[in-house]
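Student: Have a look at the structure that comes next, please.
Protein chains: 2
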Amino acid sequence: MSPTTVSNVLHGRTGRMAPETLQKVQSILDQTRYVSNMGAQILGRHGSRLIALIIAYYSYEKESLLEDPFVGSIMGSVEQTIRENGYFMMLYNNPDMDECLQMARAWNIEGMILLGAQRQDYYRMRRELKIPVVSIDSCYRRDDRGYVNVGLQDYEGGRIMTEYLISQGHKKIGYLALMQNGTDPSVVYLDSARLKGYEDAMRNHGLAVKKEWVTKLSTAEEERDAQVRQLARRRFDGCTALFFGSDAMALEAAMVFRQEGFRVPEDISVAGFDNIRLASRLSPSLATVDQNFEQKGRCAVCELLKLMRDPGYSSDIRLPVRLVPGESVRRIG
Amino acid sequence: MSPTTVSNVLHGRTGRMAPETLQKVQSILDQTRYVSNMGAQILGRHGSRLIALIIAYYSYEKESLLEDPFVGSIMGSVEQTIRENGYFMMLYNNPDMDECLQMARAWNIEGMILLGAQRQDYYRMRRELKIPVVSIDSCYRRDDRGYVNVGLQDYEGGRIMTEYLISQGHKKIGYLALMQNGTDPSVVYLDSARLKGYEDAMRNHGLAVKKEWVTKLSTAEEERDAQVRQLARRRFDGCTALFFGSDAMALEAAMVFRQEGFRVPEDISVAGFDNIRLASRLSPSLATVDQNFEQKGRCAVCELLKLMRDPGYSSDIRLPVRLVPGESVRRIG
DNA sequence: TTGTAGGCGTTATCAT
DNA sequence: ATGATAACGCCTACAA
């Protein structure tokens, strides 16, 4: 029995093969529980069936990274989709792009998903590795070509929540989020897209936005705590509703407000973004903008697979958002 | 220049080597940004530097697996520790042990961490793969030998929370948790250890435990919802405090109680287990038992590395718990 | 329809 | 102090 025959069986090239040979090979394969050695496969053909999920947040961007439901959901749904498609997932949680490059080369990674990386990192990976790369939630430029990113309708999210708050009678609405410093004006950052949605909604309803209503929150938990505490002591700068860039920050702030003697929503209305599992299970339930984390992960893998099949493939996906009203917003006026 | 010489440089076997040769090799290595091919390494030596994290929960055990802060924290901290020690992490989220075995064989996995697996799975992996395996939170038997598990002081956790509730004047205390059906009486399950801590604390304070105060919660969200709703309508079977097996379930239940018109903690005191990040950020803050998820992940990797160095190594680690008082428990009497 | 031979990149052993 | 060679397991092209 020669290796070729076995290889043919393994790869289903059983067209013109003696049925009894096939039988014999099959049964031995089954009996010995044969498993192909991936090391040899990497060496032999040039394919590893490995896809890397790179988590590139700096610790100061996502301090509670590990307990972050967004990151956890992405890891889980990406792994699942990768496995269902016959690939394996290497998890690599490192913002150092040089080390990511090394890892990818060492393992002959066939495709890469980038989470929390910068725009230039995306291009660097594709250029230096010459493998398909899909990013999740990267900021993008309108003129980007061949840049496969899975993002969200952030602008629409900012807009629909603001319109909801306005529909509940609010006229003085604050917006608070982590905002990356955009040096390049042509780059659309995630938070600035939401901010723009908020601003446009306000403008469209003839409402002015005071400068102090827009707050860039700190990435450090204590500083952020101090920021919202100051805001409460300034009686919210006159705002009756506050729209936060994430549910986590909205809940965090709500706690501080209560400590400062303000009730939610009686004294201040609060809204978030993400619709984390707990949002609807709290009292008061949190008004928020729903996004589907798992869908994002699955979608990223699907886009990657398309890109692996067709290197010329390009797309700019923006997954839909949905308004989730909640008790944390009071109807006024 | 021969491959051997280069290999020697790569592995630091530069003892009796001409300094200039070393220099030359080094500089070429640096210039070309040489990265060793892991496929070839797997084939050459018998080591892959791969550690697998197997997540083996059945979907009905952890329905919201992906957004579960416990699982997310473990994934993150395990990856980090693995990487810091020069290994790579393969994430494999599959309860099918046959497929896990296949994967491990295909990749020449050097070590394995099992999360959410059964006791017999642990033994099967070690037996069939002959590689070091560490489990996290597996149930265990007192007489287990060579079974490396990283667990928690569950009994103590159950006890200290119950004693806290008693110290706050509660005498009628309920315990609610997912509980695995223990067929083997010598096996100590995680939830039953906590239950025992609860029972012992009650007994030690001369308090009787009525049968209906101990509830086995369903793994299905809707059923669980119905269970706690019924409980509320039965006026908590006379209990003044309820101790839940996890923060997530405590918060979930608290929401149902409010829907049914009961206030926490005025009408019913509630306590959880885990100390998830949100527990302290809610109003009322949740009384809970703290466990450190990330420590568990790091610890599992450390134990695995020890086991990889010394195949005879054995341990049974139980990480400490800590009481976290909270506003969700009212002082009565 | 099946067998043979060479190559993939690395390591270990042995020879120079 | 360096080089040659075989082996690791699989794949492919070509030969029989």
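In order, the protein sequences belong to chains S and R.
Every letter in the first sequence is one number past the one before it in the working numbering, and letter 56, counting from 1, is 44.
Every letter in the second sequence is one number past the one before it in the working numbering, and letter 152, counting from 1, is 140.
Cβ coordinates follow ideal geometry from the N, Cα and C atoms, glycine included.
For chain S, check one thing: does any of its Cβ atoms lie closer than 8 Å to the Cβ of R:L166?
Tutor: Indexing the second sequence from 1 puts residue 166 of chain R at position 178. For R:L166, the answer is no, since every Cβ of chain S falls outside 8 Å of its Cβ.
Student: For R:L270, decide whether its Cβ has a neighbour in chain S, counting only Cβ atoms nearer than 8 Å.
Tutor: Position 282 of the second sequence holds residue 270 of chain R. R:L270 counts as touching chain S.
Student: I need the DSSP call for S:G146, collapsed to helix, strand or coil.
Tutor: Along the first sequence, one-based indexing puts residue 146 of chain S at 158. Helix.
Student: Run down chain S in chain order and give the residues with a C-beta less than 8 Å from the C-beta of R:D56.
Tutor: Walking along the second sequence from the start, residue 56 of chain R turns up at place 68. Ordered by position in chain S, the residues that pass the 8 Å Cβ test against R:D56 are G60.
Student: For R:E98, which residues in the same chain have their Cβ closer than 7 Å to its Cβ, ignoring the five residues on either side in sequence?
Tutor: Residue mapping note: residue 98 of chain R aligns to position 110 of the second sequence, counting from 1. Result list for R:E98: G35, S36, R37, L38, I39, I119 and M296, in chain order.
Student: Distance cutoff 8 Å, beta carbons only. Does S:G64 sit that close to anything in chain R?
Tutor: Residue 64 of chain S sits at position 76 when you count from the first residue of the first sequence. So, interface residue.
Student: Taking contact to mean at least 3 C-beta pairs separated by less than 8 Å, is the stretch 282 to 297 of chain R in contact with the stretch 224 to 240 of chain R?
Tutor: no
Student: Determine contact between the stretch 101 to 110 of chain S and the stretch -6 to 3 of chain R, defined as no fewer than three beta-carbon pairs at a distance below 8 Å.
Tutor: no
Student: Determine, using beta carbons only, whether R:D142 and R:A165 come nearer to each other than 8 Å.
Tutor: Taking the second sequence and counting its residues from 1, one reaches residue 142 of chain R at position 154. Taking the second sequence and counting its residues from 1, one reaches residue 165 of chain R at position 177. With contacts defined as CB atoms closer than 8 Å, R:D142 and R:A165 fail to qualify as a contacting pair.
Student: Report yes if the CB atom of S:R265 is closer than 8 Å to the CB atom of S:P57, and no otherwise.
Tutor: In the first sequence, the residue the question calls residue 265 of chain S occupies position 277. In the first sequence, the residue the question calls residue 57 of chain S occupies position 69. For S:R265 and S:P57, yes; Cβs fall inside 8 Å.
Student: Establish whether the CB of R:S24 and some CB of chain S are separated by less than 8 Å.
Tutor: The residue given as residue 24 of chain R occupies position 36 in the second sequence. Yes - at least one Cβ of chain S is within 8 Å of the one on R:S24.
Student: Flag R:F76 as yes if its beta-carbon sits less than 8 Å from any beta-carbon of chain S, otherwise no.
Tutor: For the purposes of this step, residue 76 of chain R is taken as residue 88 along the second sequence, with counting starting at 1. Yes - at least one Cβ of chain S is within 8 Å of the one on R:F76.
Student: Would you mind working out which of R:D225, R:K199 and R:A241 sits nearest R:E210, comparing C-alpha positions?
Tutor: Start at 1 with the first residue of the second sequence, and residue 210 of chain R comes out as number 222. If we check each option's Cα against that of R:E210, R:A241 comes out closest.
Student: In three-state DSSP terms, what is R:S302?
Tutor: Here residue 302 of chain R refers to the residue found at position 314 of the second sequence. Here R:S302 sits in coil by DSSP.
Student: Give the range of the alpha helix (DSSP H) segment to which R:I62 is assigned.
Tutor: Within the second sequence, residue 62 of chain R is the residue found at index 74, counting from 1. Start and end: P57 to E72.
Student: Can you grab the Cα-Cα spacing for the pair R:Y80 / R:I42, in whole Å?
Tutor: Position 92 of the second sequence, counting from 1, holds the residue named residue 80 of chain R. Position 54 of the second sequence, counting from 1, holds the residue named residue 42 of chain R. Cα to Cα, R:Y80 sits roughly 5 Å from R:I42.
Student: With a threshold of 8 Å on Cβ separation, who are the neighbours of R:V13 within its own chain once the five nearest residues in sequence on each side are excluded?
Tutor: On the second sequence, position 25 is the one that residue 13 of chain R refers to. Excluding sequence neighbours, R:V13 sits near M(-11), T(-7), V(-6) and V(-3).
Student: To the nearest angstrom, report how far apart R:Y75 and R:P308 are at their CA atoms.
Tutor: Position 87 of the second sequence holds residue 75 of chain R. Position 320 of the second sequence holds residue 308 of chain R. About 28 Å.
Student: What residues from chain S crowd round R:P71, counting only those whose CB sits closer than 8 Å?
Tutor: In the second sequence, the residue the question calls residue 71 of chain R occupies position 83. The question names Pro, but residue 71 of chain R in the sequence shown is Arg. Within chain S, the residues near R:R71 are Y80, N81 and N82.
Student: Does the stretch 88 to 102 of chain S come within contact of the stretch 256 to 263 of chain S, defined as at least 3 CB pairs closer than 8 Å?
Tutor: no
Student: Determine the chain S residues that contact R:L239 at a beta-carbon separation under 8 Å, and present them in chain order.
Tutor: Within the second sequence, the letter at position 251 stands for residue 239 of chain R. Listed along chain S are L266, R269 and L270, each with a C-beta nearer than 8 Å to that of R:L239.
Student: Quick check on this structure: which residue in R:T203, R:G3 and R:Q68 has the alpha carbon closest to the alpha carbon of R:Q218?
Tutor: Numbered from 1 along the second sequence, position 230 holds the residue referred to as residue 218 of chain R. Answer by Cα proximity: R:T203.
Student: Do we get a CB-CB distance below 8 Å when we pair S:L117 with the residues of chain R?
Tutor: Here residue 117 of chain S refers to the residue found at position 129 when the first sequence is read from its first residue. Judged by the 8 Å Cβ criterion, S:L117 is not in contact with chain R.
Student: Between which two residues does the alpha helix (DSSP H) holding S:Y111 run?
Tutor: The residue given as residue 111 of chain S occupies position 123 in the first sequence. Under the DSSP assignment, S:Y111 falls in the alpha helix (DSSP H) whose first and last residues are R107 to L117.
Student: By a C-beta neighbour count over all protein chains shown, 10 Å radius and 16 as the cutoff for buried, is S:A208 buried or exposed?
Tutor: Taking the first sequence and counting its residues from 1, the one referred to as residue 208 of chain S is at position 220. Exposed, by the Cβ-count rule.
Student: Can you check DSSP and say which residues form a bridge with R:Y152?
Tutor: Working through the second sequence from its first residue, we reach residue 152 of chain R at position 164. For R:Y152, which the question treats as bridged, DSSP gives no partner whatsoever.
Student: Between S:S206, S:R246 and S:L239, which lies nearest to S:R223 when the distance is taken from Cα to Cα?
Tutor: As a working mapping, residue 223 of chain S is identified with position 235 in the first sequence. Minimum Cα distance to S:R223 is reached at S:R246.
Student: For S:Q283 and S:R114, I'd like the C-alpha separation in whole angstroms.
Tutor: In the first sequence, the residue the question calls residue 283 of chain S occupies position 295. In the first sequence, the residue the question calls residue 114 of chain S occupies position 126. Computed Cα separation, rounded: 24 Å.
Student: The beta strand (DSSP E) that contains S:K204, what's its start and end?
Tutor: As a working mapping, residue 204 of chain S is identified with position 216 in the first sequence. For S:K204, the enclosing beta strand (DSSP E) starts and ends at V202 to K204.
Student: Buried or exposed for R:H158, going by 16 or more other Cβ atoms inside 10 Å?
Tutor: Walking along the second sequence from the start, residue 158 of chain R turns up at place 170. Answer is buried; the Cβ neighbour count reaches 16.
Student: By how many angstroms is the C-alpha of S:V136 removed from the C-alpha of R:V59?
Tutor: As a position in the second sequence, residue 59 of chain R is number 71, starting the count at 1. As a position in the first sequence, residue 136 of chain S is number 148, starting the count at 1. In a straight line, the C-alpha of R:V59 is about 29 Å away from that of S:V136.
Student: Given that R:R310 touches chain S, what residues does it touch there, using C-beta distances under 8 Å?
Tutor: Here residue 310 of chain R corresponds to residue number 322 of the second sequence, with the count starting at 1. Ordered by position in chain S, no residue passes the 8 Å Cβ test against R:R310, which lies about 17 Å from the chain.
Student: Would you mind giving the Cβ-Cβ distance between R:A220 and R:V252, rounded to the nearest angstrom? I have them listed as a contact below 8 Å.
Tutor: The residue labelled residue 220 of chain R in the question sits at position 232 within the second sequence. The residue labelled residue 252 of chain R in the question sits at position 264 within the second sequence. The Cβ separation is near 11 Å, so there is no contact.
Student: Beta strand (DSSP E) containing R:G27: first to last residue?
Tutor: The residue labelled residue 27 of chain R in the question sits at position 39 within the second sequence. For R:G27, no beta strand (DSSP E) encloses it; the enclosing alpha helix (DSSP H) starts and ends at M26 to G32.
Student: Residues in the same chain with beta-carbon distance under 7 Å from S:S303, minus the five sequence neighbours each way, listed in chain order, please.
Tutor: Along the first sequence, read from residue 1 onward, the residue named residue 303 of chain S stands at position 315. Excluding sequence neighbours, S:S303 sits near V136 and E291.
Student: Compute the distance between the beta-carbons of S:R319 and S:E254, then report whether it is under 8 Å.
Tutor: Here residue 319 of chain S is taken as the residue at index 331 of the first sequence, counted from 1. Here residue 254 of chain S is taken as the residue at index 266 of the first sequence, counted from 1. No, these two residues do not count as a Cβ contact at 8 Å.
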